[in-house]
Amino acid sequence: MRSHPPRPAFRHPVNVAMDTNAPLGARIADRVTGFLGSWRFLVIQSILVLLWIAGNVVLLFHFDPYPFILLNLAFSTQAAYAAPLILLAGNRASQRDRLTLEHAASQSDLEETQNEQLLTGNRQILERVVHLEEKILALEASIVAAIERIERADAGSGPAA
155 MRSHPPRPAF
165 RHPVNVAMDT
175 NAPLGARIAD
185 RVTGFLGSWR
195 FLVIQSILVL
205 LWIAGNVVLL
215 FHFDPYPFIL
225 LNLAFSTQAA
235 YAAPLILLAG
245 NRASQRDRLT
255 LEHAASQSDL
265 EETQNEQLLT
275 GNRQILERVV
285 HLEEKILALE
295 ASIVAAIERI
305 ERADAGSGPA
315 A
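Read left to right, the sequence shown gives residues 155 to 315 (my numbering).
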């Protein structure tokens, strides 16, 4: 008998809530509907139906003669169990989607807050840079003015003879 691989340990909170912490019935429903929606199931069921019909028509076994009432009963029973399982799995999928969207929205809100803080910090840095540039320009102007005064004073005193 083939053993199933161990279930992965999820890190995302939605996956932890929906898979790791899921009740046994929900996990069974997920596995059954996963199998019912697979090509493997379709192939196996098709082979079984063909064998059933061929065996009853060729009289290899004749427990369900044409119109195959027992086969119809088996399909009805399968549908009676499959439909609620599929609905359960669909509800879990929509709940997972809802939780994922809520988690994504909360992460987006957190990122938006962080972006606003970064933008505020950048704005404050730019204001400080502008203030420093104004001070540098004022210092530069006062240095140039001082140099010009010194040059005029030296030029006005003339060469000492």
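The C-beta atom is built at its ideal place from N, Cα and C for all residues, glycine as well.
Here the structure is a predicted model, which is why all the values come from computation and not from measurement.
In the structure shown, Pro177 adopts coil according to DSSP, grouped into three states. About 6 angstroms separates the Cβ atoms of Leu253 and Ala171, confirming a contact at the 8 angstroms cut-off. Cβ neighbours of Ala243 within its own chain (closer than 6 angstroms, five residues either side excluded): Ala183, Asp184, Thr187. Rounded to the nearest whole angstrom, the CA to CA distance from Arg277 to Val168 is 37 angstroms. Val284 carries a helical assignment under DSSP once its states are collapsed to helix, strand and coil. The segment 212 to 232 makes no contact with the segment 267 to 277, as fewer than three CB pairs between them are under 8 angstroms. Apart from sequence neighbours up to five positions away, the residues of its chain that approach Ile240 with a beta-carbon distance below 6 angstroms are Thr187, ordered along the chain. The beta carbon of Phe215 lies closer than 8 angstroms to those of Gly209 in the same chain, with the five residues before and after it left out. Taking 9 angstroms as the cut-off, the beta carbon of Leu190 is found no closer than this to the beta carbon of Trp206. CA-to-CA, the gap between Gln271 and Phe195 works out to about 54 angstroms.
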